[in-house]
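Remarks on the structure that follows.
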Amino acid sequence: MCGIVGYVGSKQAAPLLMEGLRRESYRGYDSSGIAVLGSAPVSFRSVGKLEELELKLKGQVVEGGLGIGHSRWATHGQVTEENAHPQTDCANNIFVVHNGIIENFGVIKKKLEERGHQFRSETDTEVLPHLIEHFFEGNLEEAVKKALSVVRGSYAIAVFAVKDPGKIVAARLSSPLVISLNDTGGFVASDPAALIAHSRKMVFLEDGEVAVIEPDTFHVSDLNNQVKKKVATELDWSVEEAQKGGYEHFMLKEIMEQPEAVANALRGRLLVQEGRAKLGGLERVEKELRAIGRLNIIACGSSYYAGLAGEYMLEEYAGIPTDTDLGSEFRYRKAIVDKNSASIFISQSGETADTLAALKEVKEKGGLTLGIINQVGSSLAREMTAGVYNHAGPEIGVASTKATSTQLAVLALFTLFLGRQRGMSLTMGKRIAEELQKLPALIQQTLEQAPHIQRMAEKYATAANFLYIGRKYSFPIALEGALKLKETSYVHAEGYGAGEMKHGPLALIDSSFPTFAVVPTDSVYEKTVSNIQEVKARRGPVIAVATEGNEAIQELADDVMYIPKTLEMLTPILALIPVQLFAYYMSVLKGNNPDTPRNLAKSVTVE
Ligand code: F6R
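Reading the sequence shown from the start, the letters are residues 21 to 627 in our numbering.
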């Protein structure tokens, strides 16, 4: 998500920090800042592009060989200078940059305020410098370790203290951090891309590790002071390759990031023992939500398909009548907004013109508006009455991947939240929460099939048309699979409800027209198998996405991609992976750049 960079050594820190931030800027950010320690600490923060921060630094004396920098992608608190990092304590002794989310910041902040700490931002991050200040007795490493044993959540941090100079203390939990040294000093960053111009030898920190970085050395230990031996990895990546985490394209990187993205979307939001979802963003409308009798989901493109799967979840498990609309249709179809209903707007960018226009229409008609948005502070996020962020991190590839899987995960959380307000039993609530918790590992397991899926793409690379079919929860995945294929590989593909085959599309089938059948072992399995048989009877090749352990499907389908078993309503999250990977590999085989499909933009701000 956000970017961290730090330097301690014989050179001036400020230009190195700015360069590091620039190299991380491809990740997306909305504000930035640096703090440098010379004879006294100086700190500069700014909203917007790095050029704004550069303007602030112009003409200033920013001398010192120790500093930390950050580019922020807002999660808690608006995009303002006060919320940008570095964040400091009351005495301006401790300077902190942080990636991640401190889940228990509310409780910590309250306790620290009772002890007289004055907070200046709306961020969760600010509890860190104050907590470190609370424990600081002259040794920064000790104070950081004590502070980190109190916090819950995820973090990558870099910290310096005016009263314990000459070092940066860095630590990680579920958010990446890398260290390197060269003959001028020590570096730390959240992304190797920021450091590769200075050294190719990288030391990657593991969860729970704390590093103390000095100009010519560093040491690593855990929160219990157990020393950790670290081995450097030599990276032979170019800066551009480093930005893609070593992957050939952002699309592949973002597909591979989905276990982490979904874990971030779920983090701190599941109360497994209570079988409930804790959605802070919905708390202020909790009472209104208890009373609503209908939901309307509004979105475009892949976000709309996620919404379709959400409709099925909300009706089946939360018992709320739900409709899903395209933003572009809703705004013109003179929809009736029932006062007894709420509308859920889903958007990665938060800037899609049609979704935004639909939101304004619902607001004008007095409806309750909720959001599932990835981009914090975006137009939709600002206009919404209440909502839940995906926390997928910036998505750079134009084709949506990790945004879609996290939208589905958040829709499952909505289902749990609203379902438990209604008739959903504790047993069912617990079951959903437990299965959701397993998802990141199951997604990882599915991703391991990438080489097999690549071979499938090679086998079918010459087909000019594809049909994608599925029923119930797999129907939106059929639509999404077809969309992913056409937008990245420019191969014609159509998504259909499998039950619709004999109402038209079956006429297309012959031995040159492959069908991608999403057929997990679920409540409609046998029905979909009948539809596959209809295709096979016309000699159409079939690629099946099926549940692990289903050997029988191999007799029917020409090729099979397996997904692990999960609760039926969560199957779309796993079935997404093979269709994304297939589209990605097809695109590369066709010689396209899947990150920038022709004629398309990442953020559709025009009608
Ligand atoms: C497809 C894709 C688009 C978007 C659509 C809505 O891969 O990315 O179909 O899903 O343009 O965008 P957001 O979610 O930003 O509103």
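We put the CB at the ideal spot given by N, CA and C, even for glycine.
No heavy atom of the ligand F6R is found nearer than 7 angstroms to the CB of L70. Listed by position along the chain, the residues with Cβ atoms less than 5 angstroms from a non-hydrogen atom of the ligand F6R are C320, G321, S322, S323, S367, Q368, S369, T372, A419, S420 and V624. Here the alpha carbon of T591 sits roughly 39 angstroms from the alpha carbon of V25. Per DSSP, reduced to three states, the secondary structure at H137 is coil, with no helix or strand assignment.
As computed with DSSP, E229 is found in a beta bridge with D242. Check the Cα spacing between G560 and each of A566, E568, S531 and S550: the tightest is with S531. Annotation: E261 to L215 spans about 13 angstroms, alpha carbon to alpha carbon. Going by beta carbons, T389 and C320 fall outside the 8 angstroms limit. Proximity of the segment 376-385 to the segment 257-276 falls short of the contact definition, fewer than three beta-carbon pairs being nearer than 8 angstroms. DSSP places F434 in the helix class (H, G or I) of the three-state scheme. In its chain, beyond the 5 residues on either side, I24, I88, H90, H105, P106 and A178 have a beta carbon closer than 6 angstroms to the beta carbon of V117. Around the beta carbon of K492, 16 or more other beta carbons sit within 10 angstroms, so the residue counts as buried. Here the alpha carbons of A94 and A484 stand approximately 43 angstroms from one another. Assignment of beta strand (DSSP E) within the segment 85-156, counting only whole runs of 3 or more residues, yields 86-92 and 114-122 in chain order. For a cut-off of 8 angstroms, the C-beta gap from V189 to V240 is around 11 angstroms, too long to register as a contact. A residue is called buried once 16 or more other Cβ atoms fall within 10 Å of its Cβ, and T421 is buried on that count. In this structure, T143 keeps its C-beta atom at 8 angstroms or more from the C-beta atom of H218.
In the DSSP assignment, F536 is bridged to Y488 and I563. Counting C-beta pairs with one atom in each stretch, the segment 448-464 and the segment 568-578 have fewer than three that are closer than 8 angstroms, which means they do not touch. Within 10 angstroms of the beta-carbon of G313 lie fewer than 16 other beta-carbons, which makes it exposed.
Checking the DSSP bridge columns, you'll see E514 partnered with L487. Taken atom to atom, the span from the alpha-carbon of A461 to that of M271 is near 20 angstroms.
In the structure shown, K585 adopts coil according to DSSP, grouped into three states. With a contact defined as Cβ atoms closer than 8 angstroms, A572 and N551 miss out at about 16 angstroms. By the Cβ neighbour-count rule, K183 is exposed, with fewer than 16 other Cβ atoms within 10 Å of its own.
When Cβ pairs closer than 8 angstroms are counted between the two stretches, the segment 392-407 is seen to touch the segment 354-371, the count reaching three or more.
Excluding five sequence positions before and after T372, the CB atoms of its chain that fall closer than 6 angstroms to its own CB belong to C320 and V624, given in chain order. Residue pairing from DSSP places S200 in a beta bridge opposite F207. Per the coordinates, the alpha-carbon of A564 lies some 10 angstroms from the alpha-carbon of V549. For D374, the uninterrupted alpha helix (DSSP H) run begins and ends at A373 to E384, by DSSP. If you check the CB distance, N612 and Y488 do not come in under 8 angstroms. Judged by DSSP secondary structure, A167 falls outside any beta strand (DSSP E) and instead within the alpha helix (DSSP H) spanning L160 to L168.
R289 sits in coil when the DSSP states are folded into three classes, being neither helix nor strand.
With contacts defined as CB atoms closer than 8 angstroms, L334 and L438 qualify as a contacting pair. T482 and L302 have their C-alpha atoms roughly 48 angstroms apart. Pairing L431 with I122, the inter-Cα distance amounts to about 23 angstroms.
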